[in-house]
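Which chain is which? The protein sequence lines are A and B, in order. Per our numbering, the first sequence runs over residues 34 to 324. Per our numbering, the second sequence runs over residues 2 to 527. What follows is a set of notes on a single structure, which appears directly below.
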Amino acid sequence: MSEQGSYYVPEGTKWPTITSAGIFCLASGFIMLMNEINNASIVMLVGTLILIYVIAGWFGEVAVESESGTYSKQVDVSFRMSMGWFITSEVMFFAAFFGALFYTRMLSVPWLAETELLWPGFENIWPTAGPGGAAHIGADAHHVDEGQFATIGAWGLPFWNTVILLVSSLTVTIAHHALIAGNRSKLNIWLGITVVLGCIFLYCQMLEYTHAYGELGLTLGSGVYGGTFFMLTGFHGFHVTIGTICLAVIMYRCLIGHFRADNHFGFEGVAWYWHFVDTVWVILFVFVYVL
Amino acid sequence: MTATTADHHDDHHDHHPSGIGRWLFSTNHKDIGTMYLWFSFCMFIIGGLMALIVRAELFMPGLQLVTPHFFNQMTTNHALIMIFGAAMPVFVGLANWQIPMMIGAPDMALPRLNNWSFWLLPPAFTLLIGSLFSPGGAPAGGWTMYPPLSIQTGMGMDMAILAMHMMGISSIMGSINIIATILNMRAPGMHLMKMPMFVWTWLITAFLLVTSIPVLAGAITMLLTDRHFGTQFFDAAGGGDPVMFQHIFWFFGHPEVYILILPAFGVISQVIPTFSRKPLFGYSSMVFAVAAIAFLSFIVWAHHMYTVGMPLAGELFFMYSTMLISIPTGVKIFNWVATMWRGSMTFETPMLYAIGTVFLFSIGGFSGLMLAITPSDFQYHDTYFVVAHFHYVIFGGTITGAFCAVYYWLPKWTGHMYDEKLGKIHFWLTVIGMNITFFPQHFLGLAGMPRRIPDYSLQFTEFNMMSTGGALLLGLSQILFLYIVMKAIKGGEKATDQVWDGAEGLEWTLPSPPPAHTFTTPPLVK
Numbered sequence: 034m035s036e037q038g039s040y041y042v043p044e045g046t047k048w049p050t051i052t053s054a055g056i057f058c059l060a061s062g063f064i065m066l067m068n069e070i071n072n073a074s075i076v077m078l079v080g081t082l083i084l085i086y087v088i089a090g091w092f093g094e095v096a097v098e099s100e101s102g103t104y105s106k107q108v109d110v111s112f113r114m115s116m117g118w119f120i121t122s123e124v125m126f127f128a129a130f131f132g133a134l135f136y137t138r139m140l141s142v143p144w145l146a147e148t149e150l151l152w153p154g155f156e157n158i159w160p161t162a163g164p165g166g167a168a169h170i171g172a173d174a175h176h177v178d179e180g181q182f183a184t185i186g187a188w189g190l191p192f193w194n195t196v197i198l199l200v201s202s203l204t205v206t207i208a209h210h211a212l213i214a215g216n217r218s219k220l221n222i223w224l225g226i227t228v229v230l231g232c233i234f235l236y237c238q239m240l241e242y243t244h245a246y247g248e249l250g251l252t253l254g255s256g257v258y259g260g261t262f263f264m265l266t267g268f269h270g271f272h273v274t275i276g277t278i279c280l281a282v283i284m285y286r287c288l289i290g291h292f293r294a295d296n297h298f299g300f301e302g303v304a305w306y307w308h309f310v311d312t313v314w315v316i317l318f319v320f321v322y323v324l
Numbered sequence: 002m003t004a005t006t007a008d009h010h011d012d013h014h015d016h017h018p019s020g021i022g023r024w025l026f027s028t029n030h031k032d033i034g035t036m037y038l039w040f041s042f043c044m045f046i047i048g049g050l051m052a053l054i055v056r057a058e059l060f061m062p063g064l065q066l067v068t069p070h071f072f073n074q075m076t077t078n079h080a081l082i083m084i085f086g087a088a089m090p091v092f093v094g095l096a097n098w099q100i101p102m103m104i105g106a107p108d109m110a111l112p113r114l115n116n117w118s119f120w121l122l123p124p125a126f127t128l129l130i131g132s133l134f135s136p137g138g139a140p141a142g143g144w145t146m147y148p149p150l151s152i153q154t155g156m157g158m159d160m161a162i163l164a165m166h167m168m169g170i171s172s173i174m175g176s177i178n179i180i181a182t183i184l185n186m187r188a189p190g191m192h193l194m195k196m197p198m199f200v201w202t203w204l205i206t207a208f209l210l211v212t213s214i215p216v217l218a219g220a221i222t223m224l225l226t227d228r229h230f231g232t233q234f235f236d237a238a239g240g241g242d243p244v245m246f247q248h249i250f251w252f253f254g255h256p257e258v259y260i261l262i263l264p265a266f267g268v269i270s271q272v273i274p275t276f277s278r279k280p281l282f283g284y285s286s287m288v289f290a291v292a293a294i295a296f297l298s299f300i301v302w303a304h305h306m307y308t309v310g311m312p313l314a315g316e317l318f319f320m321y322s323t324m325l326i327s328i329p330t331g332v333k334i335f336n337w338v339a340t341m342w343r344g345s346m347t348f349e350t351p352m353l354y355a356i357g358t359v360f361l362f363s364i365g366g367f368s369g370l371m372l373a374i375t376p377s378d379f380q381y382h383d384t385y386f387v388v389a390h391f392h393y394v395i396f397g398g399t400i401t402g403a404f405c406a407v408y409y410w411l412p413k414w415t416g417h418m419y420d421e422k423l424g425k426i427h428f429w430l431t432v433i434g435m436n437i438t439f440f441p442q443h444f445l446g447l448a449g450m451p452r453r454i455p456d457y458s459l460q461f462t463e464f465n466m467m468s469t470g471g472a473l474l475l476g477l478s479q480i481l482f483l484y485i486v487m488k489a490i491k492g493g494e495k496a497t498d499q500v501w502d503g504a505e506g507l508e509w510t511l512p513s514p515p516p517a518h519t520f521t522t523p524p525l526v527k
């Protein structure tokens, strides 16, 4: 009923219900997979395909509407607020895992070491896989025996990953300024660099995981250290993957001439998300790798 | 409620879709609100039936009707369904219907997202209720899902976890939408401090949801990886700690309690002034009290786990911070009473429910204060006293608040007055049934009857029989509620635009029932 008022209220939409159907398939398939029920992967695949279809269709529709000038300034503000609060909720999601890390390091592991009766000989040291877990033998050890695990040092690959993400935050900002200034070629170049940096980060994370699993004996099952390490870096990596895909999408939209200096919420939303992912990494680098 | 727009087909602006597509693909806040309300009513009935199974088993000592495992599934799923399926969605439904009309907005800020928030719920509850039929049955370790029990449960736990994830996405998306609507869509001239109290309470509730639900998502994700992917977050052998789950869970869980009650506070802050024919006493202190409650809700979580083993300093901190909450809560109760003071009061059904809410919630608040005191809590922990306490808060506060809202706004939604006489009967049956059900549970708990156990010692028999009788009365009275609502949808005395002669606010300037699209041009608020 947009013609009546200034605020755009869309007519009916099919996307949300299809999204829910896709999520239902994906969740059901995942449950089947975890419980070793046949055909789980087929159900998950169907769910994933539905979601890909929805994401392409729904975001595509919104992008077309945005470019055709359907959205007023007020709608734009709604989008911005929503993105801000969405990122807030993401922050709280990571807070749960950081909370788990702090709790175990500061409270539960020391308590376990204090109660001699429960686990004689267990010492409060970090990293640990707990009293019943594998022993930690330093960072980047070259030889790891059964029942041991080594950790990844902060100042190798993780440090360079930090640099890559920090630089990528900078490059996306340069691209944003170029967009506002109307310099399209500069925008495309710097945004392209950001996408490439995102991919490099993901590649490095993949190398690191392969190294951890293959040579260091550090796995998701390496007690509370392995759990917090892989859940924090894993969820972060998942968010970087989403962020990189989003960057690639706005890259494509920039190339076909979308976004104007006064109308580019899609670009800014992705940029905010990218800065958020970057900030989480910095905190993660400090508390997971350095300290 | 479904007949909302039926009378308005002569309105030529109103090209409203019909058939199933109207509901599946809706972007209309009123239709989505209606779906939320009906959905929560269905869940209320399903959750209520589960409670009746629990109460039937507890009618007499010994095991008569169900196995202990099924009994545990019933208590667990009763809680999950009532909290996430009935109490939360009913207020999202009310928010959907009312907030745009109360602030003079054409719709919610993000209508398509709004549709998604609702349509995530049916698949989520399909999974949750479906877990009853999975091998090993539904989760049976209590709605709080404490490890190690929740890690040892079968496939039903995975279904519940994924269902909770979907409900969580729904709540977060719904809340983001509500915040954006309130902050961005108010009619010109409606400053924040002129907003109706219901809108204020929802703004703060939505903030609580956005910040606490993701923490729950984190907690149940760790549960899932502990179950299937070899992590040891909650296993001491790997350096983890089962108590850590309780900390993370209750960091979500306590704000959740206020998520359930604050919108009900908002409703009665609308209703009491209407039927006292006086403006709300102490409006700004109400706003600050709600904000203070919301802030405090994040620093009191460990009062749910005094007996789990915490340092003394922790016990003291959580005891004092919990007791602090009684100050802003007291401010609110004082303000409601002061609003009624010397008002020209009438006692239509919504007002009866509002006063009932104040009264019953106060009882729940006082028993909460008893539980807040660490040394007494060591006695009360995990007894029926706790069950009585939170049912006074959640049934006596949240659910009666929701009934209050439905009676208050039903004439606006349907265009017809409900049957006042039947409404009053429903009120008295509900309140009497509720008190017969839950008041004896205080005594049972103080005498030491543990919760979540299908059998009990002989000396608890009389009070349990009373409680079961009350539960049956309470459950059956809700059929009357359904009848009253259906009757008002079908017809009845025409409601005026203002409906109640003391009612003030933008929603009462609209026709009853309002056309599908309202305030497409924002009104000016002076």
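Cβ coordinates follow ideal geometry from the N, Cα and C atoms, glycine included.
- In the pairwise beta carbon analysis, the segment 266-274 of chain A is classified as not touching the segment 133-153 of chain A: fewer than three pairs are separated by under 8 Å.
- Looking at the DSSP output, R293 of chain A shares a beta bridge with A:N296.
- When the beta-carbon positions are compared, P160 of chain A and Y322 of chain A stay at least 8 Å from each other.
- About 11 Å separates the beta carbon of L134 of chain A from that of G240 of chain B, a gap too long to meet the 8 Å contact definition.
- P451 of chain B and G476 of chain B have their C-alpha atoms roughly 24 Å apart.
- For T252 of chain A, no alpha helix (DSSP H) segment is defined, and its DSSP state is neither H nor E.
- In chain B, no part has a C-beta under 7 Å from the C-beta of F309 of chain A; the shortest such distance is about 13 Å.
- When the alpha-carbon of F92 of chain A is set against those of B:I173, B:R113 and B:N465, the nearest one is in B:R113.
- For S27 of chain B, a Cβ of chain A is located within less than 8 Å of the residue's own Cβ.
- Chain A has a Cβ within less than 8 Å of the Cβ of N116 of chain B.
- For I158 of chain A, the three-state secondary structure derived from DSSP is coil.
- Bridge partners of A172 of chain A according to DSSP: A:T184.
- Around the beta carbon of K333 of chain B, 16 or more other beta carbons lie within 10 angstroms, which makes this residue buried.
- If the five residues before and after T227 of chain A are omitted, its C-beta is found closer than 7 Å to the C-beta atoms of S201, T204, V205, A208 and L280, all from its own chain and listed in chain order.
- Scanning A:A162, A:F126, A:M67 and A:G80 for the CA closest to the CA of A54 of chain A turns up A:G80.
- Rounded to the nearest whole angstrom, the C-alpha separation of N68 of chain A and W305 of chain A is 38 Å.
- For A293 of chain B, the enclosing alpha helix (DSSP H) starts and ends at Y284 to L297.
- For G219 of chain B, at least one C-beta of chain A is nearer than 8 Å to its own C-beta.
- One finds nothing in chain A with a Cβ atom closer than 9 Å to the Cβ of T330 of chain B; even the nearest lies about 25 Å away.
- For T148 of chain A, the secondary structure class from DSSP, reduced to helix, strand or coil, is coil.
- With a 10 Å radius around the Cβ and a threshold of 16 neighbouring Cβ atoms, W410 of chain B comes out buried.
- Taking the beta carbon of N185 of chain B as reference, the chain A residues within 8 Å of it are Q107, V110, S111 and M114, listed in sequence order.
- D108 of chain B: not part of any alpha helix (DSSP H); DSSP gives it neither H nor E.
- Look at H417 of chain B here: in three-state DSSP terms it is strand.
- In this structure the segment 277-293 of chain B touches the segment 340-349 of chain B; the number of beta carbon pairs closer than 8 Å is three or more.
- In the displayed model, P451 of chain B falls within a strand according to three-state DSSP.
- When C-beta atoms of the segment 228-244 of chain B are compared with those of the segment 134-143 of chain A, three or more pairs fall below 8 Å, so the two segments count as touching.
- Using beta-carbon distances, L145 of chain A counts as an interface residue toward chain B, with a partner under 8 Å.
- For the pair of segments examined, the segment 439-454 of chain B was found not to touch the segment 410-422 of chain B: the number of CB pairs separated by less than 8 Å stays below three.
- Closer than 8 Å to the CB of P153 of chain A there is not a single CB belonging to chain B.
- Not a single CB atom of chain A sits nearer than 8 Å to the CB of R56 of chain B.
- For T261 of chain A, the enclosing alpha helix (DSSP H) starts and ends at G256 to L288.
- Boundaries of the alpha helix (DSSP H) around N73 of chain B: P69 to L81.
- Using a C-beta cut-off of 8 Å, the segment 380-390 of chain B makes no contact with the segment 244-254 of chain B, since fewer than three inter-stretch Cβ pairs fall below that distance.
- Looking at the DSSP output, K495 of chain B shares a beta bridge with B:H417.
- Rounded to whole angstroms, the separation of the alpha carbons of N115 of chain B and S111 of chain A is 13 Å.
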